[in-house]
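Engineer: One structure, as structure tokens, below. Some questions next.
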Amino acid sequence: MKSASPAERRQAKLLLPEFGAYTPGILRVEVKTAESLKAHDETWGTSDSNVWQSDYSLGHHSRKLSKVMGDIGTTRGRSDRQIMLGRVAGLLHDVGKLDEACRIYRVKRELTPEERAEIDKHAGISGDYVLKQMSDVRPEDRIFLADVHPIVRYHHAPWLIRDPELRELGFDLKIADIFVSMMEHRHRPGLSQFQAVEALEEVVLRMMKDATLGKFSLEIQASMQTIMNKYGVDRNVIIIK
-19 MKSASPAERR
-9 QAKLLLPEFG
1 AYTPGILRVE
11 VKTAESLKAH
21 DETWGTSDSN
31 VWQSDYSLGH
41 HSRKLSKVMG
51 DIGTTRGRSD
61 RQIMLGRVAG
71 LLHDVGKLDE
81 ACRIYRVKRE
91 LTPEERAEID
101 KHAGISGDYV
111 LKQMSDVRPE
121 DRIFLADVHP
131 IVRYHHAPWL
141 IRDPELRELG
151 FDLKIADIFV
161 SMMEHRHRPG
171 LSQFQAVEAL
181 EEVVLRMMKD
191 ATLGKFSLEI
201 QASMQTIMNK
211 YGVDRNVIII
221 K
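One point on numbering: in the working numbering, the residue at position 131 of the sequence shown is 111, and numbering is uninterrupted.
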């Protein structure tokens, strides 16, 4: 496969939160996804009178989460490959919401439990999207995307990821996703960054009390502590014994 062209690199600079990619093949996957999300953002409110018109958009959320995942990876001293895994997973994690079956997320109110269960299917669709990208890249990029897949597929349930390193990235993505979402105007006003960190701490404490999640308290605590340190809040997460 030829290297990314100058035009492709310019497009990447416009669409991606931080320019740079593991390989030209992965760069193309990022750009293709960012273009789809951008096209969706430009049209998603035109046919839905019940849409919450605000600063939230699927593409903005995904790009912002990709940036936060890059920040987390850098702060934790991860390898370039691990940082890229986090960034790409952050960009691709919600692409399943482009599927018509998942578009109920756009309604202007809290979702019912039934609707939440339906929309949570987007994680599996996002995982399928990652697998489909493997057909048009080099072998080394297939290996990379194979590692992105479980992070994206299980970003709501990272404890299901078998590989310990990928599971750690999965918990980073889950915690960062909650953090970014808290600052966005959806069915309620978004929080300030400081308020979001405070609220996130409460969510994390509840997660660590959960019978399933409590087994992964170290991963959860590390993800939370990194966000707190990176975004300027100097305090410790309370560990639930």
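A virtual CB, placed ideally from N, CA and C, is assigned to each residue, including glycine.
(1) Measuring alpha carbon to alpha carbon, tell me which of S37, V11, S197 ends up nearest T23.
(2) Give the C-beta separation of G76 and S106 to the nearest angstrom, bearing in mind that I take them to be a contact with Cβ-Cβ under 8 Å.
(3) Contact between the region 139 to 150 and the region 181 to 199 is defined here as three or more beta-carbon pairs at a separation below 8 Å; is this criterion met?
(4) Does the region 106 to 122 come close enough to the region 158 to 173 that 3 or more CB-CB pairs lie under 8 Å?
(5) Buried or exposed for Q33, please, with buried defined as at least 16 other CB atoms from any protein chain shown within 10 angstroms of its CB.
(6) For L17, which option in K44, G5, P4 has the closest C-alpha, if you only look at C-alpha atoms?
(7) With 16 other CB atoms within 10 Å as the buried threshold, where does R8 fall?
(8) Tell whether a beta-carbon distance below 8 Å holds between A176 and M187.
(9) DSSP on I105, reduced to helix/strand/coil?
(10) Count the other CB atoms within 10 Å of the CB of K154; is the residue buried (16 or more) or exposed (fewer)?
Structural biologist: According to the structure data:
(1) Counted from its first residue, the sequence shown places residue 23 at position 43. The shortest Cα separation from T23 among S37, V11, S197 belongs to S37.
(2) Within the sequence shown, numbered from 1, the residue matching residue 76 stands at position 96. Within the sequence shown, numbered from 1, the residue matching residue 106 stands at position 126. Confirmed, Cβ separation roughly 4 Å.
(3) yes
(4) no
(5) Residue numbering aside, residue 33 sits at position 53 when the sequence shown is read from its first letter. Confidence in Q33 is poor, its pLDDT being 41 and thus under 50, which makes the residue's placement unreliable; the coordinate value appears in the next sentence. By the 10 Å Cβ count, Q33 comes out exposed.
(6) Here residue 17 refers to the residue found at position 37 of the sequence shown. Ranking K44, G5, P4 by Cα distance to L17 puts K44 first.
(7) Counting from 1 along the sequence shown, the entry for residue 8 is found at position 28. Its Cβ being crowded by 16 or more others within 10 Å, R8 is buried.
(8) Residue mapping note: residue 176 aligns to position 196 of the sequence shown, counting from 1. Residue mapping note: residue 187 aligns to position 207 of the sequence shown, counting from 1. It is not a contact, given that the beta carbons lie outside the stated cut-off.
(9) Indexing the sequence shown from 1 puts residue 105 at position 125. It is helical.
(10) Here the question's residue 154 lines up with position 174 in the sequence shown. Its Cβ being crowded by 16 or more others within 10 Å, K154 is buried.
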